[in-house]
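Take a look at the structure below.
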Amino acid sequence: MSQTADHYYVPHESHWPIVGSIGLLLLMVGFSSWLNGSAPGFWIMMSGVAVVVFMLFGWFSNVISESVGGLYNGQVDMSFRMGMFWFIFSEVMFFSAFFGALYYARNMSVPWLGGSSNNFFTNLLLWSGFENVWPTNGPGNVGGEFIKMGPFGLPLVNTALLLSSSVTVTIAHHALIENRRGLLKFFLAATFILGFIFVFLQAEEYVEAYQHMNLKLTTGIYGSTFFMLTGFHGMHVTIGAIMLLIVWLRVMKGHFTPNSHFAFEATAWYWHFVDVVWLGLYVFVYWL
Amino acid sequence: MSSAVTAANEHDHDHHGPAKGLKRWLYATNHKDIGTMYLVFSGLMFFTGGFMALIIRSELFTPGLQFVAPNFFNQMTTMHALIMVFGAVMPAFVGLANWMIPMMIGAPDMALPRMNNWSFWILPVAFSMLLATLFMPGGAPAGGWTMYPPLVLQTGDAFPFLIFSVHLMGLSSIMGAINVIVTIINMRTPDMTLLKMPMFVWTWLITAYLLIAVMPVLAGAVTMLLTDQFFGTSFFLAAGGGDPVMFQHIFWFFGHPEVYIMILPAFGVVSEIIPTFARKPLFGHDSMVYAASSIAFLSFIVWAHHMFTVGMPLTGQLFFMFATMLIAVPTGVKVFNWTATMWKGAMTFETPMLFSLAFLFLFTIGGFSGLMLAVVSSDIQYHDSYFVVAHFHYVLVPGSIFAIMAAVYYWLPKWTGHMYNEKLGQVHFWLSTIFVNVTFFPMHFLGLAGMPRRIPDYSTQFTDFNSIASIGAIGFGLSQLLFVYVVIQCVRKQGAKASSEVWEHPKGLEWTVPSPAPYHTFNDPPKVAAEVAFS
Numbered sequence: 001m002s003q004t005a006d007h008y009y010v011p012h013e014s015h016w017p018i019v020g021s022i023g024l025l026l027l028m029v030g031f032s033s034w035l036n037g038s039a040p041g042f043w044i045m046m047s048g049v050a051v052v053v054f055m056l057f058g059w060f061s062n063v064i065s066e067s068v069g070g071l072y073n074g075q076v077d078m079s080f081r082m083g084m085f086w087f088i089f090s091e092v093m094f095f096s097a098f099f100g101a102l103y104y105a106r107n108m109s110v111p112w113l114g115g116s117s118n119n120f121f122t123n124l125l126l127w128s129g130f131e132n133v134w135p136t137n138g139p140g141n142v143g144g145e146f147i148k149m150g151p152f153g154l155p156l157v158n159t160a161l162l163l164s165s166s167v168t169v170t171i172a173h174h175a176l177i178e179n180r181r182g183l184l185k186f187f188l189a190a191t192f193i194l195g196f197i198f199v200f201l202q203a204e205e206y207v208e209a210y211q212h213m214n215l216k217l218t219t220g221i222y223g224s225t226f227f228m229l230t231g232f233h234g235m236h237v238t239i240g241a242i243m244l245l246i247v248w249l250r251v252m253k254g255h256f257t258p259n260s261h262f263a264f265e266a267t268a269w270y271w272h273f274v275d276v277v278w279l280g281l282y283v284f285v286y287w288l
Numbered sequence: 001m002s003s004a005v006t007a008a009n010e011h012d013h014d015h016h017g018p019a020k021g022l023k024r025w026l027y028a029t030n031h032k033d034i035g036t037m038y039l040v041f042s043g044l045m046f047f048t049g050g051f052m053a054l055i056i057r058s059e060l061f062t063p064g065l066q067f068v069a070p071n072f073f074n075q076m077t078t079m080h081a082l083i084m085v086f087g088a089v090m091p092a093f094v095g096l097a098n099w100m101i102p103m104m105i106g107a108p109d110m111a112l113p114r115m116n117n118w119s120f121w122i123l124p125v126a127f128s129m130l131l132a133t134l135f136m137p138g139g140a141p142a143g144g145w146t147m148y149p150p151l152v153l154q155t156g157d158a159f160p161f162l163i164f165s166v167h168l169m170g171l172s173s174i175m176g177a178i179n180v181i182v183t184i185i186n187m188r189t190p191d192m193t194l195l196k197m198p199m200f201v202w203t204w205l206i207t208a209y210l211l212i213a214v215m216p217v218l219a220g221a222v223t224m225l226l227t228d229q230f231f232g233t234s235f236f237l238a239a240g241g242g243d244p245v246m247f248q249h250i251f252w253f254f255g256h257p258e259v260y261i262m263i264l265p266a267f268g269v270v271s272e273i274i275p276t277f278a279r280k281p282l283f284g285h286d287s288m289v290y291a292a293s294s295i296a297f298l299s300f301i302v303w304a305h306h307m308f309t310v311g312m313p314l315t316g317q318l319f320f321m322f323a324t325m326l327i328a329v330p331t332g333v334k335v336f337n338w339t340a341t342m343w344k345g346a347m348t349f350e351t352p353m354l355f356s357l358a359f360l361f362l363f364t365i366g367g368f369s370g371l372m373l374a375v376v377s378s379d380i381q382y383h384d385s386y387f388v389v390a391h392f393h394y395v396l397v398p399g400s401i402f403a404i405m406a407a408v409y410y411w412l413p414k415w416t417g418h419m420y421n422e423k424l425g426q427v428h429f430w431l432s433t434i435f436v437n438v439t440f441f442p443m444h445f446l447g448l449a450g451m452p453r454r455i456p457d458y459s460t461q462f463t464d465f466n467s468i469a470s471i472g473a474i475g476f477g478l479s480q481l482l483f484v485y486v487v488i489q490c491v492r493k494q495g496a497k498a499s500s501e502v503w504e505h506p507k508g509l510e511w512t513v514p515s516p517a518p519y520h521t522f523n524d525p526p527k528v529a530a531e532v533a534f535s
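Protein sequence lines, in the order shown, are assigned to chains G and Z. If you're matching positions, the first sequence starts at 1 in the numbering used here and goes up one per residue. If you're matching positions, the second sequence starts at 1 in the numbering used here and goes up one per residue.
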């Protein structure tokens with residue numbers, strides 16, 4: 001049981017959710033038609049993206065003005081915190097589906113195709129000569145010969161970047177609690193700059209993979225797991241860095257006090273979450 | 001502080017009634033309004049999916065092809081399942097959660113009312129997309145609701161619409177579940193400790209946890225389908241080192257907890273109703289909590305019992321067999337507790353109680369056939385037969401859906417302020433219970449005799465039982481029109497006025513407020529008096 005207010009707070013009606021639903025409708029229908037080969041689908045999808053961004057902007061500014069206006073009590077704050085926690089938990093489960101696919105491919109499907117367990121004849125008759133090695137693009141050599149993405153070089157630099165950004169965001173948090181605004185502004189800016197550099201380097205890595213290593217999304221199970229895992233992670237880093245940027249802009253406007261800064265903390269939690277996912281990626285996708 | 005915010009502030013403290021017209025529903029933040037929308041939406045989907053079931057049963061009335069082409073038949077089985085699971089049963093329970101959880105724990109509303117609105121309004125988007133596929137080139141998805149590759153990859157233009165509608169349903173469920181958890185943990189009146197919570201609240205807390213844990217996994221699985229289809233990945237392609245069976249593992253890691261998502265709130269409903277009409281407190285309240293938690297835990301480690309015939313190693317089969325059978329233990333605890341609650345009780349048999357009793361008997365039949373299916377060696381015979389169809393319809397129709405109907409009869413007087421027509425309610429109960437057994441019981445025999453599921457035609461020796469099942473299905477479908485009539489009559493306030501207690505001294509905070517419950521139930525945290533408290 002958390003802090004209980006004397007009175008409950010219930011927010012008034014809002015038109016943002018329904019705007020969001022219309023945005024999602026346009027986005028999903030547009031994307032589907034585009035995938036089915038209809039060119040206007042792309043523009044319907046983009047208009048959906050625009051509506052969703054507009055909704056997020058409007059909804060959050062509503063909440064921010066209510067919060068700055070002092071409408072919320074400790075109970076509302078706790079609801080937001082718990083909501084963010086469970087949202088991050090759902091994201092963890094989303095990533096675990098893809099980590100699960102990686103585990104399955106490396107420990108089951110590829111060894112089985114190579115004839116392990118009771119699959120001797122599968123290997124002999126269907127995929128004769130295929131051996132259990134990782135990374136692989138499968139017995140069909142899907143996507144052609146490729147070079148493995150090693151753990152050193154850019155990925156190591158990226159690990160260092162993300163880990164230091166976790167440190168900077170923590171310094172910024174302490175600065176906020178101690179009300180040292182200058183320090184806060186500097187280290188928060190450092191955090192999202194490190195985040196954007198990470199995204200930039202990740203893009204460089206993809207260009208390198210596509211142009212020089214023939215490592216593509218279509219490179220069998222290795223390419224699939226590599227790009228889907230790092231791609232979804234990169235997407236999350238991008239979103240997290242944008243969140244940090246917005247929090248920084250709010251800091252510049254004088255928002256947040258030493259004991260009321262939920263948006264800052266939620267963003268920091270999210271940032272640590274993408275950091276932890278990266279460590280998993282670094283170990284299981286790049287290194288081992 | 002801007003003047004707009006000041007105005008909003010005053011607006012909030014002025015506890016007025018609902019807004020007028022369409023805005024009340026589009027912009028709704030009130031848990032009762034949103035709960036009503038969920039329930040109405042679920043009812044619409046129930047009849048849409050039910051109509052598809054009747055097409056299936058009409059085609060199967062006699063052998064040979066009568067009404068529909070095989071591909072359309074497959075579209076009907078696929079869509080019937082998707083609509084009933086994600087459109088009818090799950091939203092109905094979320095609707096009940098919305099209506100009842102804040103009232104049962106002494107909260108003013110759900111913790112995150114605007115997100116609550118969004119959770120609901122994503123559903124019509126998702127189901128418009130799904131239903132629109134019926135009119136697309138290649139028709140609706142026809143590869144079964146489990147979407148196994150490579151078959152599902154042969155879907156026509158409907159394919160991306162199927163994937164994204166599943167994404168949206170997941171998004172809606174996750175947000176709804178986050179709201180439920182946060183409401184239960186953070187909005188309870190300080191008097192109500194965790195173990196004093198009503199069982200319906202407890203089972204929903206566990207259900208919401210399951211939802212947040214597994215809906216993202218389903219999203220991941222269908223995302224892999226999408227990229228395999230359109231972006232050249234090899235997740236489910238053996239030539240690339242992937243495996244179609246991998247989809248089944250990921251899908252059922254979601255799919256098995258999903259079946260408990262559809263039954264745990266039903267357990268909660270029945271645990272509310274049986275004590276009221278037995279006029280005794282629930283036997284073993286705390287053990288019910290532990291049993292539900294154990295079921296939730298076990299639900300994560302039994303998924304491969306859906307795929308005993310894919311060729312998994314023997315050790316895998318044995319593990320999943322024993323883990324599955326273990327679930328019978330906590331489920332048995334629940335069934336015995338309900339029975340013990342009624343022992344020497346002063347029982348009366350109003351409609352909600354009748355439906356709960358039917359739930360108790362018929363769900364248990366479904367549980368027993370589940371145990372039979374859990375045995376690897378015999379499952380190889382039952383797999384993909386009508387025995388499986390009989391099993392999961394027994395747990396879903398007289399299980400989940402009977403519990404939903406029991407809940408509606410039980411709480412409808414609280415919602416509308418008027419009693420429903422008891423005589424018609426009981427007629428509805430008897431028609432439903434008789435026809436549900438006429439429909440689904442013969443399917444056990446069909447399956448044991450070897451009739452496969454998901455086919456539009458069959459050998460002539462299966463005719464009799466199929467005809468009986470079809471007659472039952474049509475009878476069951478028509479009986480539900482009576483349900484709609486009873487509900488509408490009650491909503492239009494044609495019954496007697498209901499008191500705030502409605503029944504004879506039921507427990508729980510929801511019975512301490514007037515019927516109909518005020519638009520904003522509690523402005524301040526209420527005290528939990530001893531006579532309404534649980535344990």
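C-beta atoms are modelled at their ideal positions from N, C-alpha and C, and glycine is treated no differently. Predicted model only: the values in this text are computed from it and were never measured.
**OP:** Output the distance between the C-alpha atoms of Z/Phe319 and Z/Ser271, rounded to the nearest integer angstrom.
**Re:** Stepping through the second sequence from its first residue, residue 319 of chain Z is reached at position 319. Stepping through the second sequence from its first residue, residue 271 of chain Z is reached at position 271. Taking the straight line joining both Cα atoms gives about 31 Å.
Original post:
G/Ile18 versus chain Z: which residues are under 9 Å apart at the beta carbon?
Top reply: Within the first sequence, the letter at position 18 stands for residue 18 of chain G. Here the neighbours are Leu26, Tyr27, Asn117, Trp118 and Trp121.
**OP:** Taking C-beta pairs closer than 7 Å, name the residues in chain G that Z/Pro538 reaches, listed in chain order.
**Re:** This structure leaves residue 538 of chain Z out entirely; chain Z is present only between 1 and 535.
**OP:** Report, in whole angstroms, the separation of the C-beta atoms of Z/Leu162 and Z/Thr133, which I expect to be a contact under 8 Å.
**Re:** Here residue 162 of chain Z is taken as the residue at index 162 of the second sequence, counted from 1. Here residue 133 of chain Z is taken as the residue at index 133 of the second sequence, counted from 1. Indeed they touch by this definition, with Cβ atoms about 6 Å apart.
Original post:
First and last residue of the alpha helix (DSSP H) that includes Z/Lys414?
Top reply: On the second sequence, position 414 is the one that residue 414 of chain Z refers to. It spans Phe402 to Thr416 - the alpha helix (DSSP H) in which Z/Lys414 sits, taken as one unbroken run.
Subject >> Sequence-distant residues of the same chain with beta carbon closer than 6 Å to Z/Asp524, five excluded per side >> reply: For this step, residue 524 of chain Z is matched to residue 524 along the second sequence. Counting only Cβ-Cβ distances below 6 Å, and skipping sequence neighbours, we find nothing.
Original post:
Which runs of the alpha helix (DSSP H), 4 residues or longer, sit entirely within the stretch 277 to 343 of chain Z?
Top reply: Scanning the stretch 277 to 343 of chain Z for uninterrupted alpha helix (DSSP H) segments of 4 residues or longer gives 285 to 299, 314 to 326 and 328 to 342, listed from N- to C-terminal end.
Original post:
Who are the neighbours of G/Ala268 on chain C, taking C-beta pairs under 7 Å?
Top reply: No chain C appears in this structure, whose protein chains are G and Z.
Original post:
Since Z/Ala92 is in the alpha helix (DSSP H), which residue starts that stretch and which ends it?
Top reply: Locating residue 92 of chain Z in the second sequence gives position 92, where the first residue counts as 1. Residue range Met90 to Ile105 is occupied by the alpha helix (DSSP H) that includes Z/Ala92.
Original post:
For G/Ser109, which residues in chain Z fall below 7 Å Cβ to Cβ?
Top reply: In the first sequence, residue 109 of chain G corresponds to position 109, counting from 1. In chain order, Gly241, Gly242, Asp243 and Met246 make up the part of chain Z whose C-beta sits under 7 Å from the C-beta of G/Ser109.
**OP:** Please confirm if the stretch 284 to 294 of chain Z is in contact with the stretch 324 to 331 of chain Z, defined as three or more CB-CB distances below 8 Å between the two stretches.
**Re:** Touching, per the Cβ criterion.
Original post:
What is the DSSP secondary structure of Z/Thr183, counted as helix, strand or coil?
Top reply: On the second sequence, residue 183 of chain Z is found 183 positions in, with the first residue counted as 1. Looking at Z/Thr183 - three-state DSSP - the assignment turns out to be helix.
Original post:
Using a Cβ-Cβ distance under 8 Å, would Z/His562 count as near chain G?
Top reply: Because chain Z spans 1 through 535 in this model, residue 562 of chain Z falls outside it and cannot be assessed.
Subject >> Contacts around Z/His284, its chain only, beta-carbon distance under 6 Å, and the 5 residues preceding and following it disregarded >> reply: As a working mapping, residue 284 of chain Z is identified with position 284 in the second sequence. The question names His, yet the displayed sequence has Gly at residue 284 of chain Z. The residues are Asn337.
Original post:
Just to confirm, are G/Asn137 and G/Gly223 a CB contact at a threshold of 8 Å?
Top reply: Mapped onto the first sequence, residue 137 of chain G falls at position 137. Mapped onto the first sequence, residue 223 of chain G falls at position 223. Yes, the Cβ-Cβ distance between G/Asn137 and G/Gly223 is below 8 Å.
Original post:
Under 8 Å between C-beta atoms, does Z/Ala304 make it to chain G?
Top reply: Position 304 of the second sequence, counting from 1, holds the residue named residue 304 of chain Z. At a cut-off of 8 Å between C-beta atoms, Z/Ala304 does not count as an interface residue with respect to chain G.
**OP:** Could you check the C-alpha separation between Z/Val513 and Z/Thr341 for me, to the nearest Å?
**Re:** Within the second sequence, the letter at position 513 stands for residue 513 of chain Z. Within the second sequence, the letter at position 341 stands for residue 341 of chain Z. Answer to the nearest angstrom: the Cα atoms are 26 Å apart.
Original post:
Does Z/Met197 get closer than 8 Å to chain G when you measure Cβ to Cβ?
Top reply: What you label residue 197 of chain Z is simply residue 197 of the second sequence in a count that begins at 1. No, because no Cβ of chain G sits closer than 8 Å to the Cβ of Z/Met197.
**OP:** Would you verify that the beta carbon of G/Ser79 is, or is not, closer than 8 Å to some beta carbon of chain Z?
**Re:** On the first sequence, position 79 is the one that residue 79 of chain G refers to. Answer yes: the Cβ-Cβ gap between G/Ser79 and chain Z drops below 8 Å somewhere.
Original post:
How about Z/Thr77 and Z/Ile101: are their beta carbons less than 8 Å apart?
Top reply: On the second sequence, residue 77 of chain Z is found 77 positions in, with the first residue counted as 1. On the second sequence, residue 101 of chain Z is found 101 positions in, with the first residue counted as 1. No, Cβ-Cβ distance for Z/Thr77 and Z/Ile101 is not below 8 Å.
**OP:** Spell out the partners DSSP gives Z/Pro452 in its beta bridges.
**Re:** Translated into positions along the second sequence, residue 452 of chain Z becomes position 452. Beta-bridge pairing links Z/Pro452 to Z/Ser385.
Original post:
Got a sec: which bits of the stretch 202 to 236 of chain G sit with their beta carbon under 9 Å from any beta carbon on chain Z, in order along the chain?
Top reply: Listed by position along the chain: Lys216, Leu217, Thr218, Thr219, Gly220, Ile221, Tyr222, Gly223, Ser224, Thr225, Phe227, Met228 and Phe232.
Original post:
On the premise that Z/Val388 lies in contact with Z/Gly447, defined as a C-beta separation below 8 Å, what is that separation, rounded to the nearest angstrom?
Top reply: Counting from 1 along the second sequence, the entry for residue 447 of chain Z is found at position 447. Counting from 1 along the second sequence, the entry for residue 388 of chain Z is found at position 388. At roughly 7 Å, the Cβ-Cβ gap stays under 8 Å, so Z/Gly447 and Z/Val388 are in contact.
Original post:
How big is the Cα-Cα spacing for Z/Ala238 and Z/Asp228?
Top reply: Counting from 1 along the second sequence, the entry for residue 238 of chain Z is found at position 238. Counting from 1 along the second sequence, the entry for residue 228 of chain Z is found at position 228. Cα-Cα distance, rounded: 12 Å.
**OP:** Could you tell me the boundaries of the alpha helix (DSSP H) in which G/Ile18 lies?
**Re:** For this step, residue 18 of chain G is matched to residue 18 along the first sequence. Per DSSP, G/Ile18 belongs to the alpha helix (DSSP H) from Trp16 to Leu35.
**OP:** Return the CA-CA distance between G/Pro40 and Z/Asp157, expressed in angstroms with no decimal places.
**Re:** In the first sequence, residue 40 of chain G corresponds to position 40, counting from 1. In the second sequence, residue 157 of chain Z corresponds to position 157, counting from 1. Across the structure, G/Pro40 and Z/Asp157 are spaced so that their CA atoms are roughly 15 Å apart.
Original post:
Going along the chain, which residues of its own chain have a beta-carbon closer than 6 Å to the beta-carbon of Z/Tyr214, five neighbours each way excluded?
Top reply: By one-based count along the second sequence, residue 214 of chain Z stands at place 214. Reading off the sequence, residue 214 of chain Z comes out as Val, not Tyr. Excluding residues within five positions, the ones whose Cβ falls inside 6 Å are Phe254 and Pro257.
**OP:** Could you tell me if the beta carbon of G/Leu35 falls within a distance shorter than 7 Å of some heavy atom in the ligand MG?
**Re:** Because no ligand of any kind appears in the structure shown, any question about the ligand MG cannot be addressed here.
Subject >> Euclidean distance between Cα positions of Z/Ile274 and Z/Pro506 >> reply: Locating residue 274 of chain Z in the second sequence gives position 274, counting from the first residue. Locating residue 506 of chain Z in the second sequence gives position 506, counting from the first residue. C-alpha separation (whole angstroms): 10 Å.
Subject >> Cβ-based neighbour list, Z/Ser378, same chain, cut-off 7 Å, excluding 5 preceding and 5 following >> reply: Along the second sequence, read from residue 1 onward, the residue named residue 378 of chain Z stands at position 378. Once the five neighbours on either side are set aside, the close Cβ partners of Z/Ser378 are Met372.
**OP:** Answer yes if the stretch 140 to 157 of chain G comes into contact with the stretch 232 to 245 of chain G, meaning at least three C-beta pairs across the two stretches below 8 Å, and no otherwise.
**Re:** No, because fewer than three Cβ pairs between the stretch 232 to 245 of chain G and the stretch 140 to 157 of chain G fall closer than 8 Å, the two stretches do not touch.
Original post:
So, helix, strand or coil for Z/Thr521, using DSSP?
Top reply: Here residue 521 of chain Z refers to the residue found at position 521 when the second sequence is read from its first residue. The DSSP-derived three-state label of Z/Thr521 is coil.
**OP:** Tell whether a beta-carbon distance below 8 Å holds between Z/His31 and Z/Pro113.
**Re:** For the purposes of this step, residue 31 of chain Z is identified with residue 31 of the second sequence, where counting begins at 1. For the purposes of this step, residue 113 of chain Z is identified with residue 113 of the second sequence, where counting begins at 1. Closer than 8 Å, so yes.
Original post:
Of all Cβ atoms in chain G, is any one closer than 8 Å to the Cβ of Z/Pro160?
Top reply: Residue mapping note: residue 160 of chain Z aligns to position 160 of the second sequence, counting from 1. Output row for Z/Pro160: interface = yes.
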